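Chemist: Submitted below is the structure of interest, expressed as C-alpha cells.
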DNA sequence: TAAGAAATGTGTACACGGTACACATAAGCT
DNA sequence: AGCTTATGTGTACCGTGTACACATTTCTTA
C-alpha cells in the first residue's frame with residue numbers, strides 16, 4: 005500500500021522538536037476518520053516520523069493519547085455550541101433568549117456530530133465524567149465545556165421562568181440524553197446517510213420535544 | 005494467571021459437536037462483561053476447547069461472530085420490552101393503554117441497558133440498521149425486534165389520538181434518541197454509579213418528557 | 001458398501017498492535 | 001568538562017486476527 009515501505013530518516017536532527025504535538029495532531033487526524041478505534045499509537049508515530057516507542061516519552065499509553073485527542077474533540081464541541089450561542093441576541097426577551105440558548109446548545113452538538121462523526125464519537129467514548137472537569141483543554145473559548153454550557157443554558161431558562169425550579173435539577177441529563185441519542189443515530193446509526201436538511205429538520209423536531217417536555 | 009496453561013485435549017472426539025453454539029455462548033459471555041471489544045475470537049475458541057482457526061468454519065470473521073452476539077442481545081432487548089408490555093391491561097382505556105405501551109417499550113429498553121450494559125452496548129455497536137430487519141434472531145417472543153415494538157406502540161398511540169397524524173412519521177427516531185441517549189449515560193456514561201431507584205426516577209422523567217414533547 | 005466429496009478441526013505462519021527494557025544521543029546545568 | 005536529564009532508537013515479547021495446507025470424520029452416491 006505505502007509507496008515508502010521504510011522511511012526512517014525523515015529528519016536530520018535526532019530530536020523531533022515538537023513530538024508531543026505531532027503525535028496529538030496525528031491522533032486527531034486518525035480519530036477524525038475512523039473514530040476512537042482508529043487512534044493507533046504506531047500509526048501516529050509513523051506519521052510523526054519516529055520509532056513507535058518514542059511515543060512513550062510523551063504519553064503513558066495509547067489510552068493516554070486517546071484522552072488527549074478526546075479533550076481536543078470536547079473543546080471543539082464546546083466551540084460548536086458557542087458558535088450557535090453567539091448567533092443569538094438577548095434583545096428578543098429573556099424567555100425567548102433562554103429557550104433559544106438551550107436550542108443553540110443542542111444545535112451545536114448535533115451539528116458537530118454530523119460534521120465530525122469520528123471526533124464526536126471519540127469525545128464521548130470515554131467513561132470519564134466531564135460535568136465538573138475544570139480542564140481548560142476540554143473547554144471552548146468561553147472557558148466552559150459542553151456540559152457546562154448546557155447547564156448555563158438551562159439556568160438561563162429556569163431564571164426566565166421557562167422551567168419550573170422543581171424540574172431544574174437533573175434537567176441536563178434529560179436534554180443531554182435526547183440530543184446525544186440523536187447524535188449517535190446520525191453519526192453511526194441508521195440516520196447516517198440522510199441528507200443534511202432532513203437531519204436538521206429531525207434535529208429541530210427533537211429540540212421541540214425537549215423544549216415542550218422538559 | 006490460568007491454572008491450566010495448556011489444555012488442548014479437553015475432549016476425546018475430534019469433532020466438537022456443537023461448536024458454533026459454543027462459540028456463540030462464549031461470545032455472549034464475553035460481551036456480557038466487557039462489551040463488544042471484549043468479544044475476542046481466540047478467547048471464545050479457548051473457552052470452547054478448540055484451536056483458534058476452528059472458529060472460521062462457523063464464522064467468517066470476528067466481526068461475524070460479533071454480529072451473531074448482537075442478534076442475541078437485540079432479541080433480549082425485545083424480550084425486556086415485551087415483559088413490560090405484558091404488564092399492561094388494555095382495559096384501562098385506549099389512550100391510556102397506548103401511552104403506557106410507549107412507556108413500557110422505553111422502560112424495557114432502559115431496564116435492559118441497566119441490567120446488561122455489556123450486551124446492551126454490543127446490541128447497538130453496529131452500524132447495521134435494525135428497523136426493517138426481518139431476522140427472527142433479533143426479535144422477541146412476539147416476532148418483533150425492538151424497533152418494531154416501538155413502532156407498534158407509537159401506532160397504537162396515534163390510533164388512540166394521543167399523537168397527531170402529522171407528527172407520527174419519524175416519531176420513532178425522537179423517542180429512540182431520548183431513551184437510547186439515557187441508556188448510554190446509564191451504562192457507560194456519567195450515570196453509571198447511580199443507585200437503581202434514582203435511575204428509575206430519571207428514566208420515568210425522561211419518558212414524561214417524551215410523552216409530553218412527542 | 002466402498003470410494004469420493006464435503007464438513008470440520010489442527011498446525012504452522014504472518015502481520016499488526018501495545019509496550020517493557022536497555023541503549024544512544026542530545027541539551028542543560030554545575 | 002562532566003554529570004544529569006530528556007528524548008529518540010533497537011530489540012524483543014506477547015496477544016490478536018486470519019490465511020493456507022493438512023488431518024480426520026461424516027455424508028453421499030454410485
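Protein chains in written order, with the numbering used here: chain A, 5 to 218; chain B, 5 to 218. Virtual Cβ for every residue (Gly too), placed ideally from N, Cα, C. Predicted model, so just to flag it, every value in this text is computed and none were measured.
Leaving out the 5 sequence neighbours to the left and right, which residues in its chain are closer than 6 Å to residue 157(B) when beta-carbon positions are compared?
Modeler: 105, 106 and 109
Chemist: Mind listing, in chain order, the continuous beta strand (DSSP E) runs of no fewer than 3 residues lying wholly within the stretch 94–157 of chain B?
Modeler: none
Chemist: With 16 other CB atoms within 10 Å as the buried threshold, where does residue 95(B) fall?
Modeler: exposed
Chemist: Counting only beta-carbon separations shorter than 9 Å, does residue 212(B) have a partner in chain A?
Modeler: yes
Chemist: Verify whether the separation of the beta carbon atoms of residue 183(A) and residue 114(A) is less than 9 Å.
Modeler: Yes; because the gap between Cβ atoms is below 9 Å, this pair is in contact.
Chemist: Sorted by chain position, which residues of the same chain lie with C-beta nearer than 6 Å to residue 51(B)'s C-beta, five sequence neighbours on each side aside?
Modeler: 30
Chemist: Decide yes or no for the touch test of the stretch 198–217 of chain B against the stretch 173–183 of chain A: beta carbon pairs closer than 8 Å, at least 3 of them.
Modeler: Note that the stretch 198–217 of chain B touches the stretch 173–183 of chain A; at least 3 beta-carbon pairs, one per stretch, sit closer than 8 Å.
Chemist: Alpha helix (DSSP H) containing residue 23(A): first to last residue?
Modeler: 23–36
Chemist: Nearest chain A C-beta to residue 209(B) closer than 9 Å, yes or no?
Modeler: yes
Chemist: CB-CB under 6 Å to residue 26(B), same chain, minus the five flanking residues each way: which ones, in chain order?
Modeler: 52
Chemist: Looking at residue 32(B) and residue 81(B), is the spacing between their C-beta atoms short of 9 Å?
Modeler: A distance of 9 Å or more separates the beta carbons of residue 81(B) and residue 32(B).
Chemist: State buried or exposed for residue 155(B), treating a residue as buried only when at least 16 other CB atoms are found within 10 Å of its CB.
Modeler: The residue is buried, with at least 16 neighbouring Cβ atoms inside 10 Å.
Chemist: Residue 55(A): buried (16+ other C-beta within 10 angstroms of its C-beta) or exposed?
Modeler: exposed
Chemist: For the alpha helix (DSSP H) that contains residue 179(A), what are its first and last residues?
Modeler: 175–191 is the span of the alpha helix (DSSP H), which, as asked, contains residue 179(A).
Chemist: Distance, Cα to Cα, residue 162(A) vs residue 89(B)?
Modeler: Their Cα atoms are separated by approximately 35 Å.
Chemist: Count the other CB atoms within 10 Å of the CB of residue 131(A); is the residue buried (16 or more) or exposed (fewer)?
Modeler: Under this definition residue 131(A) is an exposed residue.
Chemist: Can you tell me which of 17(B), 79(B), 112(B) and 186(B) puts its alpha carbon nearest to the alpha carbon of residue 140(B)?
Modeler: 79(B)
Chemist: Check the Cβ of residue 181(B) against every Cβ in chain A and list those closer than 7 Å, keeping chain order.
Modeler: Here the neighbours are 182, 185, 186, 189 and 210.
Chemist: For residue 196(A) and chain B, any beta-carbon pair shorter than 9 Å?
Modeler: yes
Chemist: Excluding the five sequence neighbours on either side, which residues of its own chain have a C-beta within less than 7 Å of the C-beta of residue 62(A), listed in chain order?
Modeler: 23, 24 and 27
Chemist: So, is the C-beta of residue 192(B) closer than 9 Å to a C-beta in chain A?
Modeler: yes
Chemist: Enumerated in chain order, which unbroken segments of the beta strand (DSSP E) with a length of 3 residues or greater are wholly contained in the stretch 49–79 of chain A?
Modeler: none
Chemist: Just the chain A side, please: which residues come within less than 9 Å of residue 216(B) by C-beta, in chain order?
Modeler: 213, 216, 217 and 218
Chemist: Closer than 8 Å by C-beta to residue 5(A): which residues in its own chain qualify, once you throw out the five before and the five after it? Chain order, please.
Modeler: Its pLDDT being 36, under 50, residue 5(A) is placed unreliably by the model, and the measurement read from it follows with that caveat. Answer for residue 5(A): no residue qualifies.
Chemist: Assign residue 169(B) to one of three DSSP states: helix, strand, or coil.
Modeler: helix
Chemist: Within the same chain, show all residues whose beta-carbon is closer than 7 Å to that of residue 166(B), passing over the 5 residues directly before and after it, in chain order.
Modeler: Only 99, 102 and 103 meet the Cβ criterion.
Chemist: Near residue 173(B), which residues of its chain fall below 8 Å by C-beta distance, leaving aside the five closest residues on each side in sequence?
Modeler: none
Chemist: DSSP on residue 197(B), reduced to helix/strand/coil?
Modeler: coil
Chemist: Between 127(B), 146(B) and 152(B), which lies nearest to residue 137(B) when the distance is taken from Cα to Cα?
Modeler: 152(B)
Chemist: Using DSSP with H/G/I as helix, E/B as strand and the rest coil, what is residue 211(B)?
Modeler: helix
Chemist: So, residue 87(B) versus residue 112(B), is the Cβ gap smaller than 9 Å?
Modeler: Yes; because the gap between Cβ atoms is below 9 Å, this pair is in contact.
Chemist: Residue 174(A) versus chain B: which residues are under 9 Å apart at the beta carbon?
Modeler: 205, 206 and 209
Chemist: If you drop the 5 nearest sequence neighbours on each side, which residues of the same chain put their C-beta closer than 7 Å to that of residue 192(B)?
Modeler: 121 and 125
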